[in-house]
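*Asks:* Heads up: the sequence lines are chains A and B, in that order. Here the first sequence is numbered in the numbering used here, starting from 73 and rising by one per residue. Here the second sequence is numbered in the numbering used here, starting from 19 and rising by one per residue. In this text, a Cβ means the ideal position worked out from N, Cα and C, and glycines have one as well.
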Amino acid sequence: MTQLPLLTVSDLRTYFYTGAGVARAVDGVSFDIAAGETLGIVGESGCGKSVTALSILRLIQRPGRIEPGSRILFEGQDLLTLDDAGIRRVRGNRIAMIFQEPMTALNPVFTVGDQIAEVARVHASASRRDAWSRAVEMLTLVGIPAPAERASQYPHQLSGGMRQRVLIAMALVMNPALIIADEPTTALDVTIQAQILELLADLQQRLGTSIAMITHDLGVIAEVASRVVVMYGGEVVEEARVETLFAEPHHPYTEGLLHAMPRVGRRQERLAVIPGNVPPPTAWPTGCRFRDRCAYAWERCEREHPPLYHIGAGHVSRCHLADEPERRTPKRTAATATATAVSVGGGPA
Amino acid sequence: MTDVAAVRDPSRTSASAPPLLSVSQLTKHFPIKRGLFGRDGGSVRAVDGVSLEVGRGETLGIVGESGCGKTTLGRCILRLIEPTSGQIHFDGIDVRALDASSLRRLRRRVQIIFQDPFSSLNPRMTVGAIVREGLTIHRLAAGADADRRVRQLLDEVGLRPEYASRYPHEFSGGQRQRIGIARALAVEPELIVCDEPVSALDVSVQAQVINLLQDLQRDRNLTYLFIAHDLSVVEHIATRVAVMYLGKIVELASSADLYREPIMPYTQALLSAVPVPDPTASRERIVLTGDVPSPANPPSGCVFHPRCPHPGKDTACTAIVPPLEEKAPAHWAACIKQPPTTVPWHAQQQAGATHAPERHLPLAAITHGLTS
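The structure is reproduced here in structure tokens:
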């Protein structure tokens, strides 16, 4: 930890000014990523994880806005103060992004080789010929068989797994320092997901790239990440090393997520549930944003917005239980109860 | 199919009662039309000779990857898609022989819950009207009686009765899936085909819906055909599980047996590929090469042979179609290299076999060192 982190996000706030009110999608998020490390960012729909990723690359469009006071330090410069040309030099060059949906992220009317070569032509001003050979080289790197022929094909001629490899190839062209992967395997079948995760791990080992892996799947997190940030309601609610997070989750939301997952080979009678639904970003609850769904919540949780408490080395949690640990008993009785009517929490979303 | 005797009757858990649903040799081939005049371009064999039985009160899980035919199979059973050939019997009724009005009567007893809670509910109908529609069509209730039933159903699936006057867009994914469940329950079906009912939902909400489905099954003695790609969800909810690959069932066993000792190498690889939410688990894993082949042009012999990691794989696998046969009591699998097999060794040799069948069970890769 002597070295400066590659990326430091501090107090990031991204708000959307909609007709229905201000959606505070990302609301004071801070974390950092060290060189060569894989940080997992986990959370459910609407927790702000994708907006965080888009904010880092300044891909937020109106009515969204990154609020003043937010800072994103990358390789010593604040990305939020760069002009348009400046951020374009970072995007796709020093920081690359892999999107979830490999069909829509590729242009259907250009060959995959052209699309990969374009990156080299834009960022490295490579000649058409050099860019093409770089594209073929990248396709080889990501394990696409017959790369020279594949480069001349169009996205629809490739399977989902192949397309995701093409996106990874495109991200790697400029040998970026950081890859932001937003649910890169969610649209893929499980055997193809295993191939892609293996590829990412292998590439990282060879190239030393940092990866921010954004996913809702704790299984994927356990496979690839060394450190994890758990997001809920536009905030970081827990951060820890991956082993700590799975063995000793502190925040009741993390605990609930881990219990709610059915696991292969560990059949249980009944799944624990987190009751209710994620509240809309236009109306986060006061105090703790998870309190409506929390088995332990008491009056302090409504009154006082919890800070990130220090739990252990590199382990923080946004829960007052850190201050009053005796309240953790009785253990999760409310959440594991057999009630079926769980639609609490204020009605339709 | 080389061995009809072993294929005919994949066993079920309760041998005494007749099955509620019985499917035999079901196929669905979608023709491919080429060019302006629709020349015959062959066909996609989406479902290719599937036989299974589901007992009353049971949950049969169907797992497989995209394009394996699991959704087509579910829709063929309700005749939302007309099968190409094969038999479907529901409670003794020959489903394929029914005319339109008898089919409508059958659909009161067999319902379906769809994957996407956003596109499967009519956005212009209120929740009440959506749930009520089935009651009206099947003349089960009308007027104030129907209103009362709708409120009851919403309450039963964990929604507030006053939501009946709202529209689907006002609800979250989990709540919409509850509306879909209420709609299916309205006509008091006996069998519900659940087609990926939780795969569009977040983990915390997914657990709520799974628990709801289990409670309803217990209270109403429902039978489920539960189609999903998520192996952990299927293990949790299913009594027995069928694994599909390229339109065929390649393994069928009780949930406990299938997950403890998968026999078909494809099932082994599938289980091995599931990410384990435990960072201390061993990273050993079977990673299959390549993609699932096109069902328009499936490989010869065993459809899995181009990707199969079984060390005994040889030329015979490319020539002999492996029958779905009973490898252990009530445990069916289609692989001529996993003994015992009804395909005799001399027949395998004639087809070019060089490796005698030998049991292959890479447990470490399947359980990730989590053996309990």
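1. Are B:A218 and B:G176 touching if we call contact CB-CB under 8 Å?
2. Any idea which residues DSSP pairs A:H382 with across the strands?
3. Contact check, B:I384 vs B:S300 under 8 Å by CB: the rounded distance?
4. Check whether chain A comes within 8 Å of B:Q226, counting only Cβ atoms and requiring the distance to be less than that.
5. Under a three-way DSSP split, which group does B:R321 fall into?
6. Mind checking whether A:S142 and A:D83 have CB atoms under 8 Å apart?
7. Contact check, B:P357 vs B:R377 under 8 Å by CB: the rounded distance?
8. Measuring only the C-alpha atoms, how far is A:V81 from A:L152?
9. Please classify A:A97: does DSSP put it in a helix, a strand, or coil?
10. Cβ atoms of B:V72 and B:K46: under 8 Å apart, would you say?
11. Along the chain, where does the alpha helix (DSSP H) containing A:H195 start, and where does it finish?
12. Whole angstroms are fine: how far does the CA of A:G328 sit from the CA of A:T410?
13. Taking the alpha-carbon positions, what's the A:M242 to B:T102 distance?
14. Would B:A291 count as contacting chain A if we go by Cβ distances under 8 Å?
15. Is there a C-beta anywhere in chain A that falls below 8 Å from the one on B:L379?
16. Could you list which residues in chain A have their beta carbon closer than 7 Å to that of B:P297, in chain order?
17. Is the beta carbon of A:E116 less than 8 Å from the beta carbon of A:H288?
18. Going along the segment 247 to 267 of chain A in order, which residues come within less than 8 Å of chain B, judged by CB to CB distance?
19. If you measure beta-carbon to beta-carbon, which residues of the segment 248 to 273 of chain B are closer than 7 Å to chain A?
20. Cutting at 6 Å between CB atoms, please list the residues of its own chain near A:R206, excluding the five before and the five after it.
21. Would you check if there are 3 or more beta carbon pairs closer than 8 Å linking the segment 321 to 334 of chain B to the segment 358 to 376 of chain B?
22. Could you tell me whether the Cβ of B:G60 comes closer than 8 Å to any Cβ of chain A?
23. I'd like the list of long-range same chain contacts for A:V238, defined as Cβ closer than 6 Å, with 5 residues on each side in sequence excluded.
24. Taking 8 Å as the CB-CB limit, is B:T385 close to chain A?
25. Could you say which of A:L380, A:G386, A:P324, A:A385 lies nearest to A:G100 if we only look at CA atoms?
26. So which residues of chain A does B:A348 contact, with C-beta pairs closer than 8 Å?
27. Taking all protein chains shown into account, do 16 or more other C-beta atoms lie within 10 angstroms of the C-beta of B:G110, making it buried, or fewer, making it exposed?
28. In chain order, what residues of the same chain have a beta carbon less than 8 Å from the beta carbon of A:T405, not counting five sequence neighbours either side?
29. Please classify A:A332: does DSSP put it in a helix, a strand, or coil?
*Replies:* Well, looking at it:
1. no
2. A:V388
3. About 11 Å separates the two Cβ atoms, so there is no contact after all.
4. yes
5. The question names Arg, yet the displayed sequence has Val at residue 321 of chain B. It is coil, neither helix nor strand.
6. yes
7. 6 Å
8. 11 Å
9. strand
10. no
11. 184 to 196
12. Note on A:T410: pLDDT 38, under 50, position unreliable in the model; no value is reported.
13. 43 Å
14. yes
15. no
16. A294, V314, E315, F318
17. yes
18. D261, V262, T263, I264, Q265, A266, Q267
19. L249, S250, V251, E253, H254
20. A192
21. yes
22. no
23. V184
24. yes
25. A:L380
26. Going along chain A, no residue has its Cβ under 8 Å from B:A348, so there is no contact; the nearest lies around 18 Å.
27. exposed
28. With a pLDDT of 45 at A:T405, under the threshold of 50, the predicted position of this residue should be treated as unreliable, though the coordinate-derived value follows. Only A367 meet the Cβ criterion.
29. helix
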